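The opening residue of the sequence shown carries number 13 in our numbering; numbering runs sequentially from there.
From the three backbone atoms N, C-alpha and C, an ideal C-beta is built for every residue, glycine too.
Every value quoted in this text rests on a predicted model; they were computed, and no experiment measured them.
Taking it in order: structure first as structure tokens, then the write-up.
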Amino acid sequence: MNWKKIAFGTLNIVLGVYLVLAMTAFNKPDAGRVCRDIRINIEKSVVEGFLSEADIKFMLNHDAISPIGQSMEKINLRQIEETLQSKELIEDVQCYKGQNGLVCIDVRQRIPVLRVMNEQGEDFYVDNHGKPMPGTDYSCNLIIATGRINKLYAEKRLVPMANVILSKPFWKNQIVQLNVLADGSVEIVPRVGGHIAYIGQPDGVEKKLDRLQKFYRYGLMQAGWNKYSRVSVEFDNQIVCKRK
């Protein structure tokens, strides 16, 4: 019989049991404690969302599910998660108990990427998945989309374009408006420069923007930002400009 192997195996079992018990004891709140505080973490994104920590606390109080003052043992985490997740501005919620009377709530909110103000007089936000969002009293720095737009076009055509724009710091700061023409093609209104950038149909947007950025760097930096009224990158391997 190999006593060393037996001893080593026994030691591993003892250590394993100890670790399980230690972790259980660490994660189990004191049954005699009450919740004294809430820690709310709202996941950050490339675009500022509509929600703040104060908004989440207001929702908890309004729906009478705030855990403050409740016994840690009796707090219903699932109820908190499901109630908050039912809100139109929230995508996902994870709630768990910490130590010393702390309840932690991690929130992933729906991220607006466009504000649509179309020819029909509709005014609505669209999230990064292409779904319409409810109106809100909050304001945030979003791309405005105008022109011939319905909700299906916004979801299928404009949101993928907006996601590309927001992934690139230069374009995130440079583009303030997208205007959709009757044929579904798109014009860009830049923050800097007295021109309109014509994209054409919103296909291959990343390549078109890369080509336009190179033109800005090597063309407009030499010719001047206000020399042209219109710059078109609709077709591959060419840029067509119209003088003022």
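| Check | Outcome |
| --- | --- |
| Three-state secondary structure assigned by DSSP to PRO144 | strand |
| Local Cβ density within 10 Å of ASP139, reported as buried at 16 or more and exposed below that | buried |
| Where TYR240 falls, given that 16 or more other Cβ within 10 Å makes a residue buried | buried |
| Nearest residue (CA-CA) to ARG51, options GLN111, ILE123, ASP75, PHE227 | GLN111 |
| Residues near VAL245 in its chain [Cβ-Cβ closer than 6 Å; skip 5 each side] | LYS220, ARG223, LEU224, ILE251 |
| GLY205 beta carbon less than 8 Å from that of ASN238 | yes |
| Contact between the region 166 to 180 and the region 118 to 127 (3+ Cβ pairs under 8 Å) | yes |
| Boundaries of the alpha helix (DSSP H) in which PHE227 is found, first to last residue | 217 to 227 |
| Completely contained beta strand (DSSP E) runs for the region 57 to 138, where each covers 3 or more residues | 102 to 109, 114 to 121, 124 to 130 |
| 8 Å contact criterion, which GLN189 and ILE156 should meet: CB distance rounded | 5 Å |
| Beta-carbon separation (whole angstroms), CYS47 vs MET84, contact threshold 8 Å | 6 Å |
| Contiguous beta strand (DSSP E) assignments of at least 3 residues, all confined to the region 166 to 246 | 187 to 192, 198 to 202, 208 to 212, 240 to 244 |
| Whole-number beta carbon distance between GLN91 and ILE77, since they are thought to touch under 8 Å | 6 Å |
| C-alpha gap between VAL115 and THR95, whole angstroms | 16 Å |
| Straight-line gap, TYR230 to ALA209 (C-alpha atoms, nearest Å) | 16 Å |
| Alpha-carbon to alpha-carbon, LYS256 and HIS207 | 9 Å |
| Beta strand (DSSP E) segment containing CYS253, residue limits | 252 to 255 |
| ALA119 versus VAL243 - alpha carbon distance | Reading the sequence as shown, one finds Val at residue 119 and not Ala. C-alpha separation (whole angstroms): 42 Å. |
| Enclosing beta strand (DSSP E) for ARG45 [first to last residue] | It is not in any beta strand (DSSP E) - ARG45 carries neither H nor E in the DSSP assignment. |
| Burial state of PRO41, where buried means 16 or more other Cβ atoms lie within 10 Å | In this prediction, PRO41 has a pLDDT of 47, which is less than 50 and means its spatial position is unreliable; what the coordinates show is noted afterwards. Its Cβ being crowded by 16 or more others within 10 Å, PRO41 is buried. |
| Bridge partners - ASN53, DSSP secondary structure assignment | ASP118 |
| Strand pairing of ILE155, partner residues [DSSP] | LEU126 |
| MET35, DSSP secondary structure in three states | Here MET35 scores only 49 on pLDDT, less than 50, and its place in the model should not be relied on; the value that follows carries that caveat. DSSP places MET35 in helix when its eight states are reduced to three. |
| Of the listed residues LYS109, ASN249, LEU101, GLY113, nearest to TYR137 (C-alpha basis) | LEU101 |
| Whether LEU193 touches LYS184 by CB criterion (8 Å) | no |
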